[in-house]
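7 is the number of the first residue of the sequence shown in this note's numbering; add one for each residue after it. Before any comments, here is the structure.
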Amino acid sequence: MTATIRLPGVSDDEFRLVNRLLEKIDQKTSRNRLRVSYYDGKHLAKQVSQVMPPQYQKLGMVLGWSAKSVDLLADRCNLDAFVWAEGDIDSLGVQDVWDDNSLASEINSSITSSLIHSVAFLINTEGDAGEPDSLISVKDAMNATGDWNVRTRKLDNLLSIVARDDEGSPTSLALYLDGQTLSATKERGKWTVERQEHPWGVPVEALVFKPRVGRPFGSSRISRPAMSAHDMALRTVIRMEGHADVFSYPEMWLLGGDPSIMKNPDGSMKSAWQMMLGRIKAVPDNPEPAMDDATLARPDVKQFQAQSPTPHIEQLKLQAALFANETNIPISSFMPGEMANPTSSDSYIASREDLIALAESATDNWSLTLRRSMIRALAIKNGLAEIPAEWKTIDTKWRSPVHLSRAAVADAGQKTVAAIPWLADTEVGLEMMGLTDQQIDRAMSEKRRAQGRSVLETLQQRMTSLEAPGTTNVTNVAQQPQQVNPDANAG
């Protein structure tokens with residue numbers, strides 16, 4: 007629990023706001039850490055079974071199902087670029103903002119954090135000396151939170167924990183308010199605060215996964231039903247691991263044998279693995295058989311077949327089906343043995359229809375957040391105090407969540423271009439044909455160079471024809487003054 011922080015030079019409202027938001031972060035910390043442990047593969051099974059030897063619970067076995075449920079969805083949510091149909095977005099410096107902030111990786115990481123915690127935050131700030139002019143920073147729900155305004159559909163504020171000490175207590179904070187930012191730093195046990203005013207309101211956007219009424223910060227991809235199925239499967243795997251130590255060896259019953267065969271020369275009992283894995287076994291006769299049953303002088307060995315692990319495997323399949331149903335992922339992604347024979351591309355896509363629909367819904371929700379953040383970043387880069395109205399048409403360009411072959415994309419593009427022929431001369435048409443952005447840029451550049459060479463060759467041919475012997479110089483004739491007949495106007 008974070009202790010109350012007292013900052014100098016802040017109002018009573020700001021003091022209460024900072025500590026309330028810190029308490030809010032603390033309240034969510036345990037659940038957020040739990041979900042991170044599932045994603046990172048660090049979550050261990052709690053209570054496997056009372057009949058399982060305790061050493062099997064200490065093996066540290068984990069499952070990667072929760073991480074796969076996040077990553078498979080994130081892999082279908084790829085932001086390729088920002089586009090502006092009504093203007094030249096490159097002239098605004100969008101590529102500089104993209105490269106300076108490594109947005110290709112930063113946006114992917116923010117999407118992953120949003121799926122794990124249900125929300126991540128994008129923060130716009132001006133760069134300091136030696137930094138890019140316009141910065142877009144990403145904070146997860148472990149270190150940031152704010153108040154959501156249901157009327158404006160924006161954040162009224164955001165508290166960001168910038169740094170912590172070894173005990174986890176904050177040593178650097180940033181509070182983003184409407185038109186100003188408070189930066190607080192703790193050095194030698196003393197807090198200092200700096201204020202900075204800006205014209206950008208609250209320069210923060212929330213990247214939310216599956217928001218709903220009453221829950222504006224959404225829901226985690228690692229839901230409680232998913233965690234429950236994950237735990238059940240992990241317990242099954244541990245039981246199966248214990249069973250694997252015995253199911254490959256038949257069960258033996260030794261009747262009337264000498265117990266000395268199970269002991270070492272020093273009289274101590276042999277290890278279980280020594281008795282199970284011994285290649286040559288010799289059982290001596292019992293020198294003192296029971297008087298009422300002399301037949302036990304020679305030991306009798308009874309063998310019983312070991313139990314098959316099939317029940318564990320079938321149980322694991324059921325739990326994989328429960329997890330797959332909760333996460334909208336085909337069971338074959340969790341149980342490779344369940345993969346059927348190769349199917350057609352249409353069947354493959356149909357088996358992932360729910361996951362594709364979920365990816366499309368997620369990118370629809372994230373688009374507005376990313377647009378606002380990029381537009382604000384461009385305004386900061388261009389030194390503007392207000393966002394131009396025409397910039398509001400800047401939009402996101404997402405990669406299709408449907409993984410199609412290049413041949414299928416090209417075939418669909420050809421049919422569209424055949425119906426609308428003029429698209430063939432546009433970048434949109436080339437995009438529909440399946441060309442990448444780099445290929446489109448190269449193709450258009452080569453086309454312009456070819457057109458330039460063609461114009462130059464045409465001009466050279468005309469100049470050559472004009473300079474040929476016997477050819478009238480049309481330019482000179484046109485420039486000669488026209489002779490006027492003085493009698494032409496005579497009455």
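Where is the CB? At the ideal position from N, CA and C, for every residue including glycine. Owing to the predicted nature of the structure, the values given are computational and were not obtained by experimental measurement.
- In the structure shown, A87 falls within a strand segment according to DSSP collapsed to helix, strand and coil.
- Of the other Cβ atoms in all chains shown, fewer than 16 fall within 10 Å of the Cβ of Y354; this residue is therefore exposed.
- According to DSSP, W71 shares a beta bridge with no other residue.
- In this structure, A150 lies near F127, with their beta-carbon atoms less than 8 Å apart.
- Of the candidates G207, E193 and R194, G207 places its Cα closest to the Cα of T187.
- Assigned with DSSP and collapsed to three states, T464 falls in helix.
- If only uninterrupted alpha helix (DSSP H) runs of at least 4 residues are considered, those enclosed by the stretch 90 to 149 are 100 to 106 and 109 to 123.
- When DSSP states are grouped into helix, strand and coil, K276 belongs to the coil group.
- Bounds of the alpha helix (DSSP H) holding L27 are D18 to Y45.
- Cα atoms of I337 and T422: separation of roughly 35 Å, rounded to the nearest angstrom.
- Residue state for N331 is assigned as helix, using DSSP reduced to three classes.
- L121 and G47 have their alpha carbons spaced roughly 16 Å apart.
- Within the stretch 147 to 213, the runs of beta strand (DSSP E) at least 3 residues long that lie entirely inside it are, in chain order, 150 to 155, 160 to 170, 176 to 183, 186 to 193 and 196 to 203.
- Annotated three-state conformation of K52 is coil, per DSSP.
- Per DSSP, reduced to three states, the secondary structure at D401 is strand.
- Ranked by how close their Cα comes to the Cα of G220, the residues R241, R159 and R194 have R159 in first place.
- Closest by C-alpha distance to A80, out of F215, A383, L472 and W397, is F215.
- In the structure shown, R358 adopts coil according to DSSP, grouped into three states.
- The criterion of a C-beta distance shorter than 8 Å is satisfied by A239 and L69.
- Taking all protein chains shown into account, T470 has fewer than 16 neighbouring C-beta atoms within 10 Å of its C-beta and is therefore exposed.
- Taking all protein chains shown into account, P271 has fewer than 16 neighbouring C-beta atoms within 10 Å of its C-beta and is therefore exposed.
- Using a Cβ-Cβ distance cut-off of 8 Å, the stretch 390 to 402 and the stretch 104 to 111 are not in contact, since fewer than three pairs of beta carbons, one from each stretch, lie closer than that value.
- For E396, there is no enclosing alpha helix (DSSP H), as DSSP marks it with neither H nor E.
- Here M380 is buried. Its C-beta has 16 or more other C-beta atoms within 10 Å.
- In the DSSP assignment, R230 falls within the unbroken alpha helix (DSSP H) covering R230 to A250.
- A distance below 8 Å separates the beta carbons of L165 and G152.
- In terms of CA proximity to N130, R382 leads the group R382, I228 and N163.
- Rounded to the nearest angstrom, the Cβ distance from I228 to S75 is 7 Å, consistent with a contact under 8 Å.
- Each residue's CA atom was taken as its position, placing L361 and H409 some 12 Å apart.
- If you compare the alpha carbons of Y182, D237 and H318 with that of H249, the shortest gap goes to H318.
- Between S175 and T191, the C-beta gap is not smaller than 8 Å, which leaves the two residues out of contact.
- Rounded to whole angstroms, the separation of the alpha carbons of R454 and S97 is 19 Å.
- For L436, the enclosing alpha helix (DSSP H) stretches over residues E433 to M438.
- When DSSP reads this structure, K269 sits in a beta bridge with M275.
- Contact annotation, S72 with A326: C-beta distance approximately 13 Å; criterion of less than 8 Å not satisfied.
- Straight across, the Cα-Cα distance linking E473 with Q467 is about 10 Å.
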